[in-house]
Amino acid sequence: MDAIFLQVLNGLDKGSAYALIALGLTLIFGTLGVVNFAHGALFMLGAFCAVIMRKILTISQITLDPVRTNFLGKPLEIRTPYVEIWWGDAGSWMIDYSVLLSIGFAIPVMAIIGIVMERGLIKHFYHRPHADQILMTFGLAIVLQEIIKAIFGANPIPQSAPDSMSGAVDIGVLFGFAEYAVIYPYWRLVYFVFAAVIIGGVFAFLRFTTFGMVVRAGMADRETVGMLGIDIDRRFTIMFGLAAAVTGVAGVMYTPILPPNYHMGMDFLVLTFVVVVVGGMGSLPGAILAGFMLGMLESFSSMNEVKAILPGIDQIIIYLVAIIVLLVRPRGLMGKAGMMED
Amino acid sequence: MSGFITNRRGLIKSGTVLGAGLAMPTIFTASSAAAYTNAPTGNGVTLGFNVPQSGPYADEGADELRAYKLAVEHLNGGGDGGMMNTFSSNALSGSGILGNKVEYVTGDTQTKSDAARASAKSMIEKDGAVMITGGSSSGVAIAVQGLCQEAGVIFMAGLTHSNDTTGKDKKANGFRHFFNGYMSAAALAPVLLEMYGPDRKAYHLTADYTWGWTQQESIAAATEAIGWETVNNVLTPLATQDFSSYVAPVLNSGADVLVLNHYGGNMINSLTSAVQFGLRDKMVNGKNFEIVVPLYSRLMAKGAGENVKGIFGSTNWHWSLTDAGSQAFVKSFGEAYGFPPSQAAHTVYCQTLLYADACERAGTFNPCGVVEALEGFDFDGLGNGPTHYRAGDHQCFKDVLVVKGKENPTSEFDLLEVVQVTPRAQVEYPIDHPMFAGGALGDCNPGA
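So the protein sequences, as listed, match chains A and B.
Every letter in the first sequence is one number past the one before it in numbering that gives the first Met the number 0, and letter 50, counting from 1, is 49.
Every letter in the second sequence is one number past the one before it in numbering that gives the first Met the number 0, and letter 187, counting from 1, is 186.
Here you go:
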């Protein structure tokens, strides 16, 4: 029973990551009708916002150790971050909480990247076939990841969670399990809560603000909204920026779970597209539902007991479900009628 | 009329010869004219450095390239000579190889077997490389080694740790300086016994390809021999990023040791997951839960950050070694690039020097002469103590380092500490050992 509970937690954790990335992808497809294969790269760029933030906070004053030497026998360089020199414990706290502070850095940076990407490149492909859009955005993703590799190298760069949120928590006792029966990483629980807040925030923004109402109207009938004198293109551009920011902060918060590397976006891209297709292209609730459902399925299929019966099932379960859903319901679980059915 | 017939026959003969020549793969044409493939014709000799310049091991590939360039500089008489000054063989003089200036071309393996073969083939056919070297993956090494055997050039393997490279997939034209999975296990097991005791239950997560399989087989056999029980071995796809699904079942498996038969990004991510799940703080069977990483590299340790602290593993070489050869190499490399070399850099530097030295001693670039010079070669001064290139399988035998993640590193390079230099005798094995069974070394192929 405790093993099942552990996999439920794992499924929620994986699902929250899938749902969060798929949410941004769906926002873009639902508003602009663009199949954005550079979306994984936005996730990766968000993660590297955390890397950059930490590098900025750890810019250091260098002094030479009079006693110890380095590998060449020269005096050892001692690096003390300027924020610690200037602000003491507050500076140390900033470095410790750099991942959380990076959210404030990533939101404007990613929104600007999204808007520039949409205005500078993607808008020229609105009236081109989906195949052209896919080729262009996939090429863009490769360019972005190669730029990151050229600057930061190919190896993962570890980012630690704040000390107070590191390690694991004995969550099982809260649910009546024996002590230490279900231990779960603290930060993964934080990520789940964070994802829930962001998803709730995006839905609330779309439902309860005038801006959101106009965007939803534009998603339903772009021409009519335009005829009412509303500059829907401008709002959709802002939505692209919002989607990039959402995906970026998803990347920021994921860095303590997976040390960021230039390729991480590509690894999530395929999974996220499957999530969006299963949920229904353009359906925000569908993306969330499919994200959690597939995360849960992936988690349970990786149990040794399941794999003993169906070897390798954990590697194909998501694609297997995608095939079945597309055969039975081509529009996806919550997709609009007609979507991908022609 | 008869003149016409003669001309026609002549035409047919010429056409046949020309056609056969054109039909023959270009890889063999050079060797038809000379005694072996890509025999140097001018004053230079071209070496092919086939390293991952893109993909997940690009950083290791970059370090390998740095070392290769340093080796070329030293062979041509530039720089401070590095380990040429400490190498026990005195055949190298700094005037190139056999009087030929050393030149090089590079290829990108992308850590993909097909891409690595294509780049090696291109360097042999188009650039005239007389020797191919490099790589950061056993899958790539085995693929390129096979190609070099067919093409008739020498392959000096870079970073490859699978038993199969000099086991069932060994080739006469291929040589490995790097250690292997068996040697890691043989060095590590006694240290694990001393540190963690004999009554342990080990759970293995293993990368699902040739290196992972042979590494797991080796470490499981070695730890079972000291009394440990292997409770499970789960194969993980190479492309796995998030290992939480694989780590979570370990928690309630009854195991008190997790062995991560992972390398590179896989190791970084699986170790990060294991630490996040609190395995290192867990008590099982009345003992502290422990994690073991059989194959370490400094670049990996850097990627895993603080998670490596206190974790045992093995490595081929480390820059902190104090022997004259290691220090000479660290000085050359450090002054050239500003940081200490990795084990990958050390391995490929040694391989380049060993190849050049073999050519000098053999008096030829002919692969068969080089093979003869390297087989059974005993040497010292290249950083791992007295070393032997075994004739029967072309595997180097030397001391192996057992290392531990350093608790208090003084710099970003000071991540591992050497806890034991395991003597060569302890990691040697008979040539017919079951883990290396199958395949045949075969005969050297000069490409003629």
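In this text, a Cβ means the ideal position worked out from N, Cα and C, and glycines have one as well.
Practice prompt. Confirm, please, whether the CB-CB distance from Asn9 (chain A) to Ala247 (chain B) is below 9 Å.
Written response: yes
Discussion item. I'd like to know whether the C-beta of Asp95 (chain A) is nearer than 9 Å to at least one C-beta of chain B.
Written reply: no
Practice prompt. Determine the closest residue to Thr321 (chain B) out of B:Ile290, B:Leu400 and B:Asn287, with distance taken between C-alpha atoms.
Written response: B:Leu400
Item to complete: Could you please tell me which residues of the stretch 147 to 167 of chain A, in chain order, have their CB closer than 9 Å to any CB of chain B?
Response: Lys148, Gly152, Ala153, Asn154, Pro155, Ile156, Pro157, Gln158, Ser159, Ala160, Ser165, Gly166 and Ala167
Practice prompt. Please check if any C-beta of chain B sits within less than 9 Å of the C-beta of Lys13 (chain A).
Written response: yes
Item to complete: Anything in the stretch 270 to 303 of chain B with a Cβ closer than 9 Å to a Cβ of chain A? List those residues in chain order, please.
Response: Thr271, Ser272, Val274, Gln275, Phe276, Gly277, Leu278, Asp280, Lys281, Met282, Leu298, Met299, Lys301, Gly302 and Ala303
Practice prompt. Could you work out which residues of chain B lie near Phe176 (chain A), taking near to mean beta carbons separated by less than 8 Å?
Written response: Chain B residues near Phe176 (chain A): none, gap ~11 Å exceeds 8 Å.
Worksheet entry | Identity of the residue in A:Gly225, A:Ile141 and A:Glu297 nearest Val319 (chain A) by Cα | According to the sequence as given, residue 319 (chain A) is Leu; it is not Val. Nearest option by C-alpha distance: A:Glu297.
Item to complete: With 8 Å as the limit, tell me which residues of the stretch 57 to 76 of chain A have their beta carbon closer than that to any beta carbon of chain B; keep them in chain order.
Response: Arg67, Asn69, Phe70, Leu71, Leu75 and Glu76
Practice prompt. With Pro273 (chain A) as the anchor, note down where its alpha helix (DSSP H) starts and where it stops.
Written response: In the sequence under discussion, the amino acid at residue 273 (chain A) is Val, which differs from the Pro named in the question. Note, Val273 (chain A): alpha helix (DSSP H), Met263 to Gly278.
Worksheet item: When burial is assigned at 16 or more other CB atoms within 10 Å of the CB, is Tyr125 (chain A) buried or exposed?
Response: exposed
Fill in: Other residues of its chain near Ile147 (chain A): CB distance less than 7 Å, five sequence neighbours each side excluded
Met43, Phe47 and Tyr261
Discussion item. To the nearest angstrom, how far is the alpha carbon of Leu309 (chain A) from that of Gly334 (chain A)?
Written reply: 31 Å
Worksheet item: How about Lys13 (chain A) and Asp241 (chain B): are their beta carbons less than 9 Å apart?
Response: yes
Practice prompt. Identify which residue in B:Gln109, B:Asp377 and B:Asp163 has its Cα closest to the Cα of Pro51 (chain B).
Written response: B:Gln109
Worksheet item: Straight-line CA distance for Trp316 (chain B) to Leu294 (chain B)?
Response: 11 Å
Worksheet item: Name the residues in the stretch 409 to 428 of chain B whose C-beta lies less than 7 Å from a C-beta of chain A; which are they?
Response: Thr409, Ser410 and Phe412
Practice prompt. Would you grab the beta carbon distance between Thr57 (chain A) and Ile84 (chain A) for me? Rounded to a whole angstrom, and I think it's under 8 Å.
Written response: 12 Å between Cβ atoms; not a contact.
Practice prompt. Note down, in chain order, each residue of its chain lying with its Cβ closer than 6 Å to the Cβ of Gly113 (chain A), except the 5 sequence neighbours on either side.
Written response: Phe239, Gly240 and Ala243
Worksheet item: Taking Cβ positions only, does Val401 (chain B) come closer than 9 Å to chain D?
Response: Protein chains A and B are contained in the structure displayed, whereas chain D is not.
Practice prompt. Decide if the stretch 71 to 90 of chain B is in contact with the stretch 32 to 43 of chain B; the criterion is three or more beta carbon pairs, one per stretch, under 8 Å apart.
Written response: no
Fill in: Helix, strand or coil at Pro284 (chain A) [DSSP, three-state]
helix
Discussion item. Please classify Phe210 (chain A) as buried or exposed, where buried requires at least 16 other C-beta atoms within 10 Å of its C-beta.
Written reply: exposed
Worksheet item: Taking Cβ positions only, does Ala142 (chain B) come closer than 9 Å to chain A?
Response: no
Worksheet entry | Collapsed DSSP secondary structure at Phe378 (chain B) in the structure displayed | strand
Worksheet entry | Trp86 (chain A), buried or exposed, once every other Cβ within 10 Å from all chains shown has been counted against 16 | exposed
Worksheet item: Which residues of chain A have a Cβ atom closer than 9 Å to the Cβ of Ala327 (chain B), listed in chain order?
Response: By Cβ distance, chain A contributes nothing, its closest Cβ being about 12 Å from Ala327 (chain B), past 9 Å.
Item to complete: Could you tell me whether the Cβ of Asn231 (chain B) comes closer than 9 Å to any Cβ of chain A?
Response: yes
Fill in: Neighbour-count burial assignment, Thr246 (chain A), 16 or more Cβ in a 10 Å radius
buried
Worksheet item: If we count the other Cβ atoms within 10 Å of its Cβ and call it buried at 16 or more, is Arg127 (chain A) buried or exposed?
Response: exposed
Worksheet item: So, using beta-carbon positions, are Gly309 (chain B) and Gly404 (chain B) closer together than 9 Å?
Response: yes
Discussion item. By the three-class DSSP mapping on this structure, what secondary structure does Glu47 (chain B) have?
Written reply: With the sequence shown as reference, residue 47 (chain B) is identified as Gly, and Glu is not the correct amino acid for it. Correct three-state label for Gly47 (chain B): strand.
Fill in: Under 8 Å by beta carbon: chain B residues contacting Asn35 (chain A)
Neighbours of Asn35 (chain A) on chain B: none; closest Cβ ~21 Å, over 8 Å.
Worksheet entry | CB contact below 9 Å: Asp58 (chain B) versus chain A | yes
Item to complete: Give the residues of chain A in contact with Pro339 (chain B), contact being defined as C-beta atoms less than 8 Å apart.
Response: Phe70
Discussion item. Can you find the residues in the same chain that come closer than 6 Å, C-beta to C-beta, to Thr105 (chain B), ignoring five residues on each side of it along the sequence?
Written reply: Phe48
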